[in-house]
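Below you'll find the structure, written out as structure tokens, and then a few comments.
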Amino acid sequence: MVGASLAGLALSISLARSGLTVTVLERAVEQRNGGTGLRLWGGMGETVQRRDGSGIRVPTIASIASAGVPGPVGWAMVRRRLADAAANEPGMAIRYDTEVVKIGADADSAWARDTAGLVYTGDILPGDDGHRSMVRRSIDPEHPDARYAGYTIWTGKAPCDAAPGWQEGRNYMNMITLPNQDGAMIVGETQTNDEPRRYFWQWYDPTSDNYLREAGALVGSVSQYSLVNENSAASKYADIHRRAAHWPAPWDDIVRHSVRRQSVIATPIAEYVPRRLARGRMAIIGDAAHVPSPVTDAGFDTGLGDAETLGELTDHGVIGEQGLKVLREYEKQRLITAQRMVRSGQGFGDSLLDSANS
Ligand SMILES: Cc1cc2nc3c(=O)[nH]c(=O)nc-3n(C[C@H](O)[C@H](O)[C@H](O)COP(=O)(O)OP(=O)(O)OC[C@H]3O[C@@H](n4cnc5c(N)ncnc54)[C@H](O)[C@@H]3O)c2cc1C
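Shown next, in the form of structure tokens:
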């Protein structure tokens with residue numbers, strides 16, 4: 000597999016539960032912080048039987064991600080839960096700090112080569128390598144890129160009180176309360192309380208294209224990366240600080256607090272409606288397969304569904320013709336869900352851009 004972020008880790012667990020030997024190649028280092036706030040919709044402590052013949056009951060992957068409590072949670076916490084569970088699976092090797100630079104496949108096997116020239120060979124090659132996926136280029140070479148949706152999302156976290164959700168003119172603000180490290184949502188509910196409960200805000204802004212282009216985060220119609228406060232123009236953050244006045248209290252203060260603490264991320268929103276999810280011995284899952292607007296709150300959730308489906312389909316192995324059959328069936332079962340999920344966020348983008356132009 001290429002990529003060990005949320006969808007990749009979920010898939011690695013799902014494949015290991017079918018008894019497969021799994022190697023995951025991830026270019027990032029093992030310890031990662033930051034990221035966004037997510038709403039998790041499922042995983043209320045359900046269990047399932049492992050498919051490797053052991054008969055052992057284990058939590059569903061959604062329950063691992065949510066720790067049995069669906070709702071808002073920080074990205075880093077979800078990643079840590081999935082990474083811990085994956086590390087305990089038999090037959091699992093996760094190689095961090097390993098960037099894949101080339102992939103390929105023939106009738107019998109698939110392979111990936113890293114920057115050091117090491118080649119890893121397997122029966123199938125799932126790509127969980129995110130919105131700028133390299134594996135997607137081999138699956139649908141004529142439709143390889145997620146395209147800029149025309150607006151930016153500014154996100155930040157702040158430890159202060161606020162109320163949820165507000166829309167005003169051509170901007171849209173969404174507020175999520177994140178639990179602290181103990182999972183507590185209410186101040187004073189935890190024993191240690193070493194990390195205060197925080198608010199995670201998302202400001203959808205259709206007016207920052209030029210800034211993103213000048214900073215290199217947007218080239219043509221392809222989003223390149225997110226800008227974090229430290230490597231971004233101070234003048235733009237002064238501008239966001241000033242424009243925060245636009246929001247009623249207490250949201251204005253929350254945004255300003257994040258700007259002052261240098262805890263703001265600007266992400267050019269990209270979207271990708273897939274036409275294919277598999278080709279031969281390769282497949283894509285998670286953001287590699289479908290990139291929705293964050294307003295759908297569904298990117299990770301759909302990646303989880305991909306991981307569960309693909310894992311279940313590998314019950315009878317992936318060697319030879321069986322591997323090709325599994326990936327064809329995966330595409331058949333997941334393509335329409337993926338397309339609908341991305342399209343469900345496009346109406347929001349259209350109305351945001353319409354209001355900006357009116
Ligand atoms: C502001 C915001 C709010 C969101 N809110 C929600 C929500 O409430 N609910 C929800 O379900 N979803 C939400 N999402 C979407 C969700 O965050 C994503 O769908 C999810 O994080 C994608 O995970 P992924 O593993 O598919 O991709 P990524 O996290 O992009 O992971 C890809 C991984 O592949 C690795 N990689 C890439 N290329 C290579 C290579 N060549 N070699 C080795 N490794 C490589 C990367 O280092 C990375 O670790 C939100 C997104 C945003 C931006």
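Residue numbers for the sequence shown follow numbering that gives the first Met the number 0, so the first one is 0 and each next one is one higher. Virtual Cβ for every residue (Gly too), placed ideally from N, Cα, C.
Buried or exposed (CB count within 10 angstroms, at least 16 for buried), residue i
| i | result |
| --- | --- |
| residue 4 | buried |
| residue 331 | exposed |
| residue 15 | buried |
| residue 219 | exposed |
| residue 50 | buried |
| residue 187 | Unreliable positioning characterises residue 187 in this predicted model, as indicated by a pLDDT of 37, which lies under 50. The coordinate reading is nonetheless provided below. By the 10 Å Cβ count, residue 187 comes out exposed. |
| residue 166 | Reliability of the predicted coordinates at residue 166 is poor, the pLDDT of 40 falling under 50, and the value obtained from them is presented with this limitation in mind. Result: exposed. |
Minimum C-alpha distance to residue i - residue among the options
| i | options | result |
| --- | --- | --- |
| residue 240 | 99, 290, 119 and 258 | 258 |
| residue 270 | 255, 30, 132 and 117 | 132 |
| residue 208 | 147, 227 and 255 | 147 |
| residue 202 | 220, 153 and 253 | 153 |
| residue 336 | 114, 346 and 273 | 273 |
| residue 21 | 48, 63 and 94 | 94 |
| residue 340 | 157, 25, 267 and 293 | 293 |
| residue 88 | 58, 105 and 115 | 58 |
| residue 316 | 25, 217, 114 and 52 | 52 |
| residue 200 | 149, 234 and 262 | 262 |
| residue 98 | 338, 0 and 219 | 0 |
| residue 338 | 109, 324 and 287 | 287 |
| residue 106 | 136, 324 and 157 | 324 |
| residue 260 | 157, 125, 62 and 63 | 157 |
Under 8 angstroms between C-beta atoms of residue i and residue j
| i | j | result |
| --- | --- | --- |
| residue 41 | residue 69 | yes |
| residue 310 | residue 17 | yes |
| residue 67 | residue 44 | yes |
| residue 123 | residue 333 | no |
| residue 11 | residue 23 | yes |
| residue 305 | residue 285 | yes |
| residue 298 | residue 127 | no |
| residue 291 | residue 346 | no |
| residue 31 | residue 75 | yes |
| residue 267 | residue 222 | yes |
| residue 348 | residue 149 | yes |
Distance between beta carbons of residue j and residue i, contact taken as under 8 angstroms
| i | j | result |
| --- | --- | --- |
| residue 363 | residue 151 | An answer regarding residue 363 cannot be provided, because it is not within the stretch 0 to 357 covered by the chain. |
| residue 303 | residue 265 | Contact doesn't hold; Cβ gap of about 27 angstroms is too wide. |
| residue 351 | residue 205 | 5 angstroms |
| residue 313 | residue 19 | 6 angstroms |
| residue 92 | residue 102 | Not confirmed; about 18 angstroms, so no contact. |
| residue 243 | residue 255 | 5 angstroms |
| residue 100 | residue 114 | 6 angstroms |
| residue 60 | residue 9 | 5 angstroms |
Euclidean distance between Cα positions of residue i and residue j
| i | j | result |
| --- | --- | --- |
| residue 277 | residue 138 | 6 angstroms |
| residue 168 | residue 295 | Summary for residue 168: the model assigns pLDDT 45, below 50, so the residue's position carries little reliability, and this model does not support an answer. |
| residue 2 | residue 129 | 8 angstroms |
| residue 326 | residue 245 | 49 angstroms |
| residue 144 | residue 86 | 32 angstroms |
| residue 72 | residue 39 | 7 angstroms |
| residue 120 | residue 13 | 20 angstroms |
| residue 283 | residue 198 | 33 angstroms |
| residue 301 | residue 142 | 21 angstroms |
| residue 79 | residue 357 | 44 angstroms |
| residue 247 | residue 253 | 10 angstroms |
| residue 84 | residue 117 | 27 angstroms |
| residue 250 | residue 320 | 56 angstroms |
| residue 318 | residue 329 | 16 angstroms |
| residue 46 | residue 353 | 45 angstroms |
| residue 275 | residue 289 | 10 angstroms |
| residue 77 | residue 65 | 7 angstroms |
| residue 224 | residue 108 | 32 angstroms |
| residue 104 | residue 136 | 13 angstroms |
| residue 48 | residue 125 | 23 angstroms |
| residue 420 | residue 96 | This structure cannot speak to residue 420, because the chain is shown only from 0 to 357. |
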